[in-house]
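Under the working numbering, the first residue of the sequence shown carries the number 6, and numbering increases by one thereafter. Note that CB positions come from ideal geometry on N, CA and C, so glycine has one too. This report refers to the structure that appears directly beneath it.
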Amino acid sequence: MEARDIVINSVIRQMEPELNNSQLKKLKIVLTVHLSNFRLEEEKNEVIIYDETSDIAAYKQYFVSMKLRGLAKGTIELAMRTIDTFNRWVRRPFNDITTNDIRLYIAKREMSDHLSSASLDRECGCICRFFRWLYDEEYITRDPGKRVEKIKVEKRIKKAFTPVEIELMRNACVKSKEKAVFELLLSTGCRVTELTMLSFDNYDQQRGSITVVGKGNKERVVFVSARAKVAVDNYLRIKPHFSGPIICGLRGVGTAMTANGIQKMVKEIAKRANVSHAHPHKFRRTAATLALKRGMSLNDVRRFLGHTSVDTTLQYIDTSGSDLKLEHEKYVA
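The following block contains the structure:
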């Protein structure tokens with residue numbers, strides 16, 4: 006790695022806690038442009054050289070690079086946990102890690118920890134992408150993940166809630182807060198973290214729309230159905246407020262619910278309704294499936310969910326059941 010790149014990476018790494026994604030990107034561009042006019046030489050000091058090219062520096066720089074690419078905080082944290090677990094197991098410098106080390110770790114996760122093929126594929130991909138980046142950025146001399154075999158993942162149809170399950174859970178909502186969360190999840194198709202961030206600042210009550218910022222810092226507009234609006238209005242009569250998060254956390258007005266809080270709430274509602282396999286993300290799949298069944302185009306469903314690719318959207322659609330059943334629900338039921 007050239008001395009210029011080492012300097013730029015060091016500055017970006019140190020400024021990462023102070024700047025947002027767009028500011029970090031701009032800083033990197035400015036440094037790259039201005040330092041291109043200078044020839045930099047490394048100081049012949051082993052401590053300094055080691056500090057800037059060590060495994061710790063490389064590890065930190067990788068996650069800064071993920072942030073610069075605009076990846077979601079949850080994605081970065083999941084990658085960090087995966088790589089941390091691998092590093093604690095292997096306990097060797099990055100440059101000494103072999104293809105067999107990665108294979109053995111994946112085998113251990115399958116045989117001892119009993120991970121599913123989907124989880125194994127995610128972890129393997131995360132580790133291999135990390136070492137590919139280390140190789141591309143010249144932190145290591147070879148890529149140990151290059152020859153690691155792809156894990157075959159069984160494709161299973163991911164189910165949406167059925168119309169009966171929706172009504173059972175709707176009837177099982179006891180508190181106004183539960184009804185508001187339930188209807189907002191179903192109406193907006195929001196991810197659970199997005200729901201926690203729904204704010205009055207972005208809520209157009211006349212139009213029935215809310216602006217949300219989703220994965221990759223992408224902004225989109227979601228819509229509040231008549232049922233959801235009534236549920237939210239009823240909740241606001243009991244918990245009156247017109248600023249900050251729409252749905253309050255346990256500490257009251259001005260605080261937001263946590264993702265864990267919403268997950269727990271959904272499970273409690275589903276338990277009362279005797280509905281199995283219920284979680285907040287299933288509402289997102291259900292919203293997409295219902296929208297497509299009721300005539301929304303696939304591209305509009307993609308925009309509704311905030312996806313970049315239609316292929317991603319297709320993974321959210323519950324295609325179980327025959328075309329005849331779909332047409333019956335659309336025109337008869």
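Name the one or two DSSP bridge partners that residue i has.
i: Ile215; result: Tyr208, Val227
i: Pro250; result: Ser204
i: Gly257; result: Gly254
Near residue i, what residues of its chain come up, given a Cβ to Cβ distance below 8 Å and the 5 sequence neighbours on each side ignored?
i: Thr318; result: Ala293, Leu303, Val306, Arg307, Leu310, His312
i: Asn200; result: Reading off the sequence shown, one finds Leu at residue 200, where the question assumed Asn. Once the five neighbours on either side are set aside, the close Cβ partners of Leu200 are Val186, Leu189, Leu190, Thr193, Ile252, Met262, Ile267, Pro285.
i: Val52; result: Because the pLDDT of Val52 is 34, which lies under 50, any placement of that residue in the model is unreliable, and the number read from its coordinates should be weighed accordingly. Closer than 8 Å at the Cβ level, and outside the excluded window around Val52, lies no residue.
i: Glu224; result: Thr216, Val217, Val218
i: Lys72; result: Glu21, Asn26, Leu29, Ile81
i: Ile171; result: Leu191, Thr291
i: Ser281; result: Ala275
i: Ala62; result: Asn14, Ser15, Arg18, Asp56
i: Asn239; result: Ser181, Lys184, Ala185
i: Asn50; result: Unreliable positioning characterises Asn50 in this predicted model, as indicated by a pLDDT of 45, which lies under 50. A coordinate reading is not provided.
i: Lys65; result: Arg18
Quick one, which of the options has its alpha-carbon nearest residue i's?
i: Tyr67; options: Ser181, Cys131, Lys182, Lys272; result: Cys131
i: Val179; options: Ile11, Leu36, Arg74, Ala275; result: Ala275
i: Asp209; options: Cys195, Thr198, Phe228; result: Phe228
i: Lys298; options: Arg256, Val12, Ala283, Tyr321; result: Tyr321
i: Leu173; options: Arg134, Ala283, Glu159; result: Ala283
i: Leu40; options: Asp10, Lys65, Ser181; result: Asp10
i: Phe91; options: Lys113, Asn279, Met202; result: Lys113
i: Gly213; options: Met202, Val271, Ser230; result: Ser230
i: Pro149; options: Glu159, Cys195, Leu120, Arg108; result: Arg108
i: Gly257; options: Lys272, Met270, Leu241, Val271; result: Leu241
i: Asp89; options: Phe135, Gly75, Arg74, Asp118; result: Phe135
i: Cys133; options: Ser117, Glu115, Glu154, His119; result: Glu154
i: Val12; options: Val35, Leu24, Glu23; result: Val35
Can you list, in chain order, the residues of its chain with a C-beta nearer than 7 Å to that of residue i? Leave out the 5 residues immediately preceding and following it.
i: Leu157; result: Inspection of the sequence shows that residue 157 is occupied by Lys rather than by Leu. Same-chain partners within the cutoff: Ser122.
i: Val69; result: Ile17, Arg18, Glu21
i: Ala77; result: Lys220, Gly221
i: Phe166; result: Lys287, Thr291
i: Ser204; result: Gly249, Pro250, Ile251
i: Arg277; result: Ala177
i: Asp60; result: Pro98, Phe99
i: Arg175; result: Phe187
i: Arg147; result: Tyr140
i: Phe247; result: Phe205
i: Met270; result: Glu183, Val186
i: Glu115; result: Leu125
Grab me the residues of residue i's own chain with a C-beta within less than 6 Å of its C-beta, minus the 5 sequence neighbours each way, in chain order.
i: Cys129; result: Ile111, Ile156
i: Pro168; result: none
i: Val197; result: Ala264, Ile267, Pro285
i: Lys164; result: Asp323
i: Arg152; result: Thr104
So, is the C-beta of residue i closer than 7 Å to a C-beta in chain C?
i: Arg242; result: Within the model displayed, chain C is absent; a lone protein chain is all it includes.
Exercise. Pairing CB atoms from the region 131-146 with CB atoms from the region 230-244, are three or more of them under 8 Å?
Worked result: no
Exercise. Is it a yes or a no for the region 66-86 touching the region 115-125, going by three-plus beta-carbon pairs under 8 Å?
Worked result: no
Exercise. Given 8 Å as the limit, is there contact between the region 102-120 and the region 21-38, that is, 3 or more CB pairs closer than that?
Worked result: no
Exercise. Taking only runs of the alpha helix (DSSP H) that begin and end inside the region 266-313, which ones reach a length of at least 4 residues, in chain order?
Worked result: 285-298, 303-310
Exercise. Could you give the uninterrupted runs of the beta strand (DSSP E) lying entirely in the region 66-100, keeping only those of 3 residues or more?
Worked result: none
Problem set entry | alpha helix (DSSP H) segments (min. 4 residues) lying fully within the region 118-198 | 122-141, 168-177, 181-193
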